[in-house]
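Trainee: Below are the structure tokens for one structure; questions will follow.
Numbering (my numbering), first residue to last: 298 to 439.
Right under this line is the structure:
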């Protein structure tokens with residue numbers, strides 16, 4: 298049997314991509330794009346609703362409603378190379394906002410939930426499907 302691989306195997310390509318990017322895949326390519334982390338157990342239901350809203354907007358999001366400290370959750374998801382972590386506390390629930398932390402940045406940005414969902418949904422589109430041709434999917438881009 299003859300075998301020819303002009304560009305190498307798909308698995309090898311994915312391995313090279315992950316190695317060269319050190320696991321920091323572009324937002325649109327990351328398997329887990331957003332984690333919605335609740336700060337207190339009172340906000341678990343709201344975190345789950347936000348994750349569901351992001352999923353319906355086309356973003357791969359999941360809630361983290363474990364009974365752990367927020368610093369532990371942020372560290373764990375940062376080590377797991379999740380591009381965006383949304384922190385939800387009582388203040389965010391009352392004001393209708395979310396605290397956005399991007400991978401590689403220690404600063405958080407608080408913004409209205411609707412704006413965050415709209416921006417993340419736009420960033421989740423692959424570059425070839427974007428209407429305006431912009432590429433804002435790099436980690437840390439604001």
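By construction, the Cβ of each residue, glycine as well, lies at the ideal position given by its N, Cα and C atoms.
With 16 as the cutoff for other CB atoms within 10 Å, does residue 340 come out buried or exposed?
Mentor: For the purposes of this step, residue 340 is identified with residue 43 of the chain shown, where counting begins at 1. Residue 340 is buried by the Cβ-count criterion.
Trainee: Where are the alpha helix (DSSP H) runs, 4 residues long or more, that stay fully inside the stretch 387 to 434, in chain order?
Mentor: Counting only runs of 4 or more, we get 387 to 392 and 410 to 421.
Trainee: Assuming residue 334 is part of the beta strand (DSSP E), what are its boundary residues?
Mentor: As a first step, residue 334 is located in the chain shown; it is residue number 37 there, counting from the start. That run of the beta strand (DSSP E) goes 331 to 335.
Trainee: Take the Cβ of residue 415 as the centre, count every other Cβ of all protein chains shown within 10 Å, and call the residue buried at 16 or more, exposed below.
Mentor: Within the chain shown, the letter at position 118 stands for residue 415. So residue 415 ends up on the exposed side.
Trainee: Going by beta-carbon coordinates alone, are residue 345 and residue 351 separated by less than 8 Å?
Mentor: Sequence index remark: in the chain shown, residue 345 carries index 48 (1-based). Sequence index remark: in the chain shown, residue 351 carries index 54 (1-based). Result no, Cβ atoms of residue 345 and residue 351 do not sit closer than 8 Å.
Trainee: According to DSSP, is residue 311 part of a helix, a strand, or is it coil?
Mentor: For the purposes of this step, residue 311 is identified with residue 14 of the chain shown, where counting begins at 1. Three-state result, residue 311: helix.
Trainee: Compare the C-beta of residue 324 against all C-beta atoms of chain B and say whether one is closer than 8 Å.
Mentor: Checking the listed chains, one finds no chain B in this structure; it contains a single protein chain.
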